[in-house]
Every structure is written in C-alpha cells, then in structure tokens.
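Residue numbers (this note's numbering): 2 to 118.
What follows is the structure, encoded as structure tokens:
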C-alpha cells in the first residue's frame, strides 16, 4: 500500500522559513505529479505548488518568488517545499498530493504551518 510521509511543519515568525518534505513509498506505479496544497482555517484547500516527473513546476501566484518545490525521483519519490518569507495569512494545514501513472491521486496527512505576526 502506498505511503506518504509528510514532515516539516511548525511554528515560525513572519518572514521566517520552513521546509516541508513528502516521501512516497511502496508505490507500484510511477509518480507523475507531486504537489503541495494548503487549507487555511475556514477556507477551501488550494494549490500551492506542483511538479511533474519531468521537472515542470506550477505555483500559486501568491507564493511565486518565495516558495520553491523540488523533487527527487529516487526509489522513494520525495518532494520538498521550501517556504521563505512566510506571512501570517499562510497559516494553514499543508498537504502533500501525488498523482500516479494510473491516474489515482493520493493525499498525505496534513502538517500544520503556523506563522506568527
């Protein structure tokens, strides 16, 4: 069974940085897309950034220039989200999402990111 292990959330002051990681294991299908989403309190889940197996990236306009998604296609597909210059309004639960070559999307557990003002 596919496992996604997410880590790296926490509490940081505004202007600070955090790095989230998402490790995928036990996938019998290759991973085509890996992405990060977030859900602020009381709001809808939204895409933060995504990356394809070929390295193409996509970012929400609000994070461009501050966040960087990267991916290592090793035996354990791993994706990182480097978040710099964090803002209080980016306080949210952050989720990792992967799409496998069979078209199935899988969500990891959320990790809380809290940015204090």
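Glycine included, C-beta positions come from ideal geometry on N, C-alpha and C.
#### Entry: Backbone secondary structure at residue 91 - three-state DSSP
helix
### Message
Am I right that residue 95 and residue 10 are in contact with their C-beta atoms under 8 angstroms? What's the rounded C-beta distance?
### Response
6 angstroms
### Message
With the cut-off set at 7 angstroms, would you say residue 20 and residue 93 are in Cβ contact?
### Response
no
### Task
Indicate whether the contact test is met: 3 or more Cβ pairs, each with one atom in the stretch 62-72 and one in the stretch 81-88, closer than 8 angstroms.
The stretch 62-72 vs the stretch 81-88: in contact.
### Query
Less than 7 angstroms separating the beta-carbons of residue 117 and residue 14?
Their beta carbons are under 7 angstroms apart, which means residue 117 touches residue 14 by this criterion.
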